[in-house]
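The listed protein sequences correspond, in order, to chains H and C. So the first sequence is residues 201 to 600, counted in this note's numbering. So the second sequence is residues 622 to 764, counted in this note's numbering.
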Amino acid sequence: MHFKRLTHARLLGLIAGIAAVAFAGCSSGGLQETPLPGVQSQPAAQQPASNPSPDQTDVSDASSEGAAPVSETAKPSHAPAQSAPKPAKAQAQQAALRSVCRHPAEPGRRECDAIVVARSLSACNRAAPYCASDLQAAYGLTQAARTNGKGVTVAVVDAYGYPNAASDLAVYRKRMGLPACSASNRCLRTVNQTGRTAPLPKPNADSNDDWRLEEALDLDMVSAVCPNCKIVLVQANSNSDADLAAGVNAAAALGAVAISNSYSGGEANATDSAYAHGGRTITASAGNDPVGAKRPCSDGGVVCVGGTTLRASGRGWSEQTWGKSQGTAIAAVADPKTGVACYESAGGWQVAGGTSVAAPIVAALFALGPSTARTNASAWISHHGTNRVTRAAAKLGLVK
Amino acid sequence: MKLHATVLCALAIAIGVAAAPSRDNAVIVNTGSTNTPGYKISVWSDGSASVTMSHRDGSPAGSPKSFNVAPATAARFFSDLAAARAGKAVTAPCMKSASFGTSTHINWKGWVSPDLDCPPNDSLGDALVRDYQEILKASGVGH
């Protein structure tokens, strides 16, 4: 056979050559791009329900009075902030955003809409992102927000440090036309989980778990609904169950009548007495995934706050359930497509959504109301059947 | 003749593949949150890597972007992965911001790490979190 006529050396050379070609082909092609089995077993995304239930629609007759004067250039609520020329400050804010979300998702997709967008804030005109005046108007609280809440303290409990909390809050409140709230006028206190003003924890080094925007959002939402309330920002050392529970205890010890917790998770079967302080309204975000309510929302006595889609409708407003409603006592605006404006210096003015928005709104609502309702807010809500802020506000006597 | 050539070719490919240096791969998956996109980072033991942003359902949101991890970091990462898997590294259950919190896991050879966005419970988890933070920084995501 012809094969037999090949010399040993030629045979080895042929093998080596074919091997070289085969290896080159493998290394430049398929192996590198072959999906690994492990990739398929990625953890389930916390996908919120994409379509709100058409049931449970409320319409309030509140007007949009009290809109704060604003001056900067406007952009549509969810448009990527990159088409029009911008002043240097806005460009700097946008650059900061890009560094957070380097590869934004496609326009029009929900999660893209929900990406926090650094933008200038122009008008508070009943369109998302909602300003303080929009939220007050939507929930019929414009008058109560002006007159109620003096001497009342609302606490927001979060994890890790946020050194710019006071200055960022000042920017938000000034823009929204709200009275100043700072340490110097004894309105804002920032404390650690033991209730002391020092030492405060540092921001989390894990860039995936940066709580500063959450803290900014909590402070802004309490300010929006209850501008006269004092605010305690409790910064727990970490996001562990124990540290956050200690923070709630500190908030109660400092006299907060309403304590907002925009977080969930932790030990699945644990309960904690920290979330059962009698005489105080303790709210917790239901979370944005479709599964059942997690802790601390599921803890007894906690007002579990779900989400809504909030839109201006004629002269009033309409709300529809957003995300899950099971296990929630009451709901407030949370849909990122109808998100709220908040300010955090790293990203500038941003649009945020999720039940992180709703929990501080409901805490501030009860701070505006009579103390009798706060003693057991969960039972009060159940008794009055008020699963919407507008209804609760009316029952609390806040709608004039 | 044809049969012999086929055998020869198969033998050559087998020799070639066996002679090729093996490249390990791991994938870091971040779920994203209501307000932020997720991402998937594929890391190879030679330091080459790519990152793809993802929607909330895990589907890609754009094209992969290549970047490089320092070879020493890549080597340490895979060594730490092996140790973490063997030692059953764990992280403590933790609370997440309802609207900004994410979960991050590493998929490696069928093993899925604990959630690296929760505090590690031991030195094995600690090492893994450090490695992943370094890789994340090199990717440009979140920084």
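Virtual Cβ for every residue (Gly too), placed ideally from N, Cα, C. The structure presented is a predicted model; accordingly, all values stated were derived computationally and were not measured.
> Using 9 Å as the limit for Cβ to Cβ distance, is H:S440 near chain C?
Replying inline: yes
> Along chain C, in chain order, which residues have C-beta atoms closer than 9 Å to that of H:A552?
Replying inline: T655, N656, S720, F721
>> For the alpha helix (DSSP H) containing C:F699, name the first residue and the last one.
In response: 692-707
> Looking at C-beta atoms only, is the number of pairs between the region 751-758 of chain C and the region 457-469 of chain H that lie closer than 8 Å three or more?
Replying inline: no
> Are the C-beta atoms of C:T694 and some chain H residue less than 9 Å apart?
Replying inline: no
> How is H:V259 classed by DSSP in three states: helix, strand or coil?
Replying inline: Per-residue confidence for H:V259 stands at a pLDDT of 36, beneath the threshold of 50, marking its modelled position as unreliable; no derived number is given.
> Exposed or buried, H:G548, counting other C-beta atoms within 10 Å across all chains shown (16 or more means buried)?
Replying inline: The residue in question, H:G548, is buried, as its Cβ has 16 or more Cβ neighbours within 10 Å.
>> Tell me which residues share the same chain as H:L568 and place their Cβ nearer than 6 Å to its Cβ, disregarding the 5 neighbours each side in the sequence.
In response: A344, N348, G349, C426, L598
> When the cut-off is 9 Å and only beta carbons count, does C:L605 lie next to chain H?
Replying inline: Past the edges of chain C, shown from 622 to 764, lies residue 605 of chain C, and the structure says nothing about it.
>> Excluding the 5 residues flanking H:W411 on each side, which residues of the same chain have their C-beta closer than 8 Å to its C-beta?
In response: D358, A359, Y360, Y362, P403, N404, N439
> To the nearest angstrom, how far is it from the Cα of H:A453 to the Cα of H:G395?
Replying inline: 8 Å
> For H:G500, which residues in chain C fall below 7 Å Cβ to Cβ?
Replying inline: Simply none; closest approach about 18 Å.
> In chain order, which continuous runs of the beta strand (DSSP E) of length 3 or greater are located wholly inside the region 705-743 of chain C?
Replying inline: 716-718, 725-729
>> Which residue wins for smallest C-alpha separation from H:T521, given the options H:A383, H:T555, H:A416?
In response: Distance from the Cα of H:T521 is smallest, within the candidate group H:A383, H:T555, H:A416, for H:T555.
> Assuming H:A355 and H:V432 make a contact with CB atoms under 8 Å, what is their CB distance in whole Å?
Replying inline: Indeed, because the Cβ distance is near 4 Å, the residues count as touching under 8 Å.
> Helix, strand or coil for H:E544 per DSSP?
Replying inline: strand
> Are there 16 or more other CB atoms within 10 angstroms of the CB of H:Q336, so buried, or fewer, so exposed?
Replying inline: Classification for H:Q336: buried.
> Does H:L341 get closer than 9 Å to chain C when you measure Cβ to Cβ?
Replying inline: no
>> Distance check for H:C429 and H:N351, CA to CA, integer angstroms please.
In response: It should be pointed out that residue 351 of chain H corresponds to Gly in this sequence rather than to Asn. Roughly 6 Å separates the two Cα atoms.
> From H:A290 to H:H584, what distance separates their C-alpha atoms?
Replying inline: Residue confidence is low: H:A290 scores 38 on pLDDT, short of 50, so the model does not pin down where it sits. Its coordinate-derived value is still stated next. Going from the Cα of H:A290 to the Cα of H:H584 covers about 46 Å.
> Using a Cβ-Cβ cut-off of 7 Å (strictly less than) and excluding sequence neighbours within five positions of C:S654, which residues of its own chain qualify?
Replying inline: S720, F721, G722, T723
>> Judging by CA-CA distance, which residue of C:N728, C:G708, C:W729 is the nearest neighbour of C:D747?
In response: C:G708
> Nearest-angstrom Cα distance between C:N728 and H:S333?
Replying inline: 47 Å
> With 16 other CB atoms within 10 Å as the buried threshold, where does H:K374 fall?
Replying inline: exposed
>> Would H:S525 and H:K494 be called neighbours here (beta carbons separated by less than 9 Å)?
In response: no
> When DSSP builds the beta bridges, which residues end up paired with H:K402?
Replying inline: Looking at the DSSP assignment, H:K402 forms no beta bridge with any residue, so it has no partner.
> Can you name the residues of chain C whose CB is closer than 7 Å to the CB of H:Y372?
Replying inline: Correct list: empty, because the minimum Cβ distance to chain C is about 17 Å.
>> Looking at H:G340: is its Cβ nearer than 9 Å to the Cβ of H:T590?
In response: Yes; because the gap between Cβ atoms is below 9 Å, this pair is in contact.
> Helix or strand or just coil, what does DSSP make of H:E415?
Replying inline: helix
> Quick one, are the C-beta atoms of H:V533 and H:G527 less than 9 Å apart?
Replying inline: Not a contact, by the Cβ cut-off of 9 Å.
>> I'd like the span of the alpha helix (DSSP H) that includes H:Y372, first residue to last.
In response: 365-375
> Can you name, in chain order, every residue of its own chain whose Cβ lies under 8 Å from the Cβ of H:S545, other than the five neighbours on each side?
Replying inline: N364, S367, D368, V371
> DSSP on H:Q550, reduced to helix/strand/coil?
Replying inline: If DSSP states are grouped into helix, strand and coil, H:Q550 belongs with the strands.
> Nearest CA to the CA of H:A593: which residue from H:C387, H:K537, H:I530, H:N385?
Replying inline: H:I530
> Using a beta-carbon distance cut-off of less than 9 Å, what residues from the region 453-470 of chain H approach chain C?
Replying inline: N461, S462, Y463, S464, G465, G466, E467, A468, A470
> Name the chain C residues whose beta carbon is nearer than 7 Å to that of H:T521?
Replying inline: Within chain C, no residue comes near H:T521; the closest Cβ sits about 16 Å away, beyond 7 Å.
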